[in-house]
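Numbering that gives the first Met the number 0 puts the first residue of the sequence shown at 0, with every later residue one more than the last.
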Amino acid sequence: MSRVLVTGASGFIGRPAVKALLARGHEVHATCRRAAPGDDDVTWHVTDLLRSGGAKALVRDARATHLLHLAWCTAPGSFWTASENIDWITATLELLRAFGAAGGSRAVVAGSCAEYRWGNETLHEERTPQRPATLYGASKLATRVAAGALCAQQGLQLAWGRIFHLYGPGEDPGRLVAAVARGLLRGERVATSAGLQVRDFLHVDDVAGALVALLDSDVAGTVNVASGDGVAVRDVVEQIALAAGGLDRVDFGARELPVSEPERIVADVARLRREVGYSPAIPLREGIAGTVEWWRERLAEV
């Protein structure tokens with residue numbers, strides 16, 4: 000059993016990641032910015048990693064051997080261009096420096112598919128050029144490069160999980176699956192693009208499971224965290240409508256995609272499956288049905 004420090008533990012990925020770590024028998028120390036959730040199995044640390052000195056104090060108090068760093072700015076839409084991305088470069092490097100200096104042995108950091116140059120080819124960790132088109136992607140990539148050098152200098156093992164398109168219960172209402180599900184469940188009309196763009200979707204529980212498996216492994220470097228299966232967005236919306244009802248209320252093509260929107264974003268997941276030994280457990284149709292049911296229950300409570 001390892002003592003694991005999880006940042007962003009109360010977030011969308013953090014919640015299932017904490018559950019997965021506990022299920023594997025780890026001792027979990029977790030961060031949150033405000034009042035700690037009521038969970039007797041987790042030691043919570045209320046902290047702000049963007050505050051000077053926050054990382055050192057956190058590492059000192061947690062005394063963890065392993066680090067799963069999920070915290071970053073993630074507000075839907077605005078995170079692509081938010082200047083706060085720059086702050087998180089510094090905060091992440093300060094955390095890794097403090098963790099390494101305190102004797103931490105292994106860290107896994109959440110990266111993004113936005114670090115790649117988006118073309119139509121399958122995105123591979125080594126072969127695909129890294130040429131981000133957004134401040135968010137550039138900030139993640141800059142952190143990856145600097146973190147790699149820093150951790151090598153400190154003797155700290157580092158793995159970088161590049162996350163693709165995720166969905167699931169607890170997702171921000173403004174994101175695709177949640178927005179379509181909520182609209183249809185409310186009896187509203189839902190406007191979407193034509194949905195011809197192909198994306199790689201993975202349930203948040205599988206994202207969390209993959210990151211925890213990566214943390215428990217000795218695999219170093221970048222690993223794509225995705226399903227490896229390309230699915231047209233239209234097919235995803237139709238599956239949501241099948242579960243929620245109201246396909247006739249979906250207006251495909253009512254929204255235009257930006258000219259810069261890539262046709263295809265799909266991961267090569269050979270490293271995740273062969274080296275980490277993780278394969279997704281939740282099929283897309285099952286995951287979407289469960290997510291729609293989760294929103295149905297939440298809306299019934301209002």
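Cβ coordinates follow ideal geometry from the N, Cα and C atoms, glycine included.
Distance, residue j Cα to residue i Cα
i: Val268; j: Arg297; result: 34 Å
i: Ser111; j: Ala151; result: 21 Å
i: Ala193; j: Arg105; result: 44 Å
i: Ile162; j: Ala109; result: 7 Å
i: Ala253; j: Met0; result: 52 Å
i: Gly289; j: Pro168; result: 8 Å
i: Glu83; j: Arg50; result: 13 Å
i: Pro75; j: Asp215; result: 30 Å
i: Asp171; j: Ala240; result: 19 Å
i: Ala280; j: Ala54; result: 34 Å
i: Leu149; j: Gly173; result: 36 Å
i: Thr46; j: Phe251; result: 44 Å
i: Val107; j: Gly182; result: 36 Å
i: Ala100; j: Arg188; result: 54 Å
i: Pro261; j: Leu165; result: 17 Å
i: Ile287; j: Gln153; result: 42 Å
i: Gly103; j: Arg185; result: 48 Å
i: Glu292; j: Ala97; result: 42 Å
i: Glu237; j: Asp205; result: 22 Å
i: Gly37; j: Ser9; result: 11 Å
i: Pro282; j: Asp228; result: 11 Å
i: Ala145; j: Ala299; result: 47 Å
i: Val41; j: Tyr277; result: 25 Å
i: Ile17; j: Asp39; result: Checking the sequence shown, residue 17 turns out to be Val, not Ile. Approximately 12 Å, taken between the alpha carbons.
i: Asp217; j: Gln156; result: 8 Å
i: Val235; j: Val176; result: 8 Å
Extent of the continuous beta strand (DSSP E) run through residue i
i: Glu26; result: Glu26 to Cys31
i: Ala81; result: No beta strand (DSSP E) holds Ala81; DSSP gives it neither H nor E.
Residue range of the unbroken alpha helix (DSSP H) whose run includes residue i
i: Asn223; result: Element bounds for Asn223: not the alpha helix (DSSP H) but the beta strand (DSSP E), Gly220 to Val224.
i: Val265; result: Looking at the DSSP string, Val265 is not in any alpha helix (DSSP H), and its letter there is neither H nor E.
i: Ser138; result: Leu134 to Gln153
i: Gln309; result: No information on residue 309 is available, as it lies outside the stretch 0 to 301 that the chain covers here.
i: Val179; result: Leu175 to Leu184
i: Trp117; result: Careful: Trp117 lies outside any alpha helix (DSSP H) and carries neither H nor E.
i: Val58; result: Gly53 to Ala61
i: Glu292; result: Leu283 to Glu300
8 Å Cβ cutoff met for residue i and residue j
i: Arg2; j: Arg62; result: yes
i: Leu330; j: Ser226; result: The shown model of the chain, from 0 to 301, leaves out residue 330, and the question about it has no answer.
i: Arg284; j: Val232; result: no
i: His65; j: Leu57; result: no
i: Pro15; j: Ala266; result: no
i: Ala219; j: Ala158; result: yes
i: Arg270; j: Asn223; result: yes
i: Val179; j: Phe11; result: no
i: Arg295; j: Asn119; result: no
i: Arg116; j: Arg126; result: no
i: Glu124; j: Arg143; result: no
Those residues which DSSP pairs with residue i across a bridge
i: Asp250; result: Ala190
i: Val211; result: For Val211, which the question treats as bridged, DSSP gives no partner whatsoever.
i: Val108; result: His68 and Trp159
i: Arg2; result: Glu26
i: Tyr277; result: Answer by DSSP bridge pairing: none, since Tyr277 is not bridged.
i: Ser43; result: In the sequence under discussion, the amino acid at residue 43 is Trp, which differs from the Ser named in the question. BP columns for Trp43 point to Ala29.
i: Phe200; result: His164
Residue i CB to nearest heavy atom of the ligand ADP below 7 Å
i: Val275; result: Among the ligands in the structure shown, none appear at all, so the ligand ADP cannot be discussed.
Beta carbon proximity, residue i to chain B, threshold 8 Å
i: Arg130; result: The chain inventory of the structure shown lacks chain B, comprising one protein chain alone.
The stretch 204-215 in contact with the stretch 241-253 per 3-pair CB rule at 8 Å: no
Does the count of Cβ pairs from the stretch 28-35 and the stretch 88-95 closer than 8 Å reach three? no
Would you call the stretch 130-146 and the stretch 69-82 in contact, with 3 or more CB pairs under 8 Å? yes
Counting beta carbon pairs with one atom in the stretch 92-104 and one in the stretch 124-138, are three or more of them shorter than 8 Å? no
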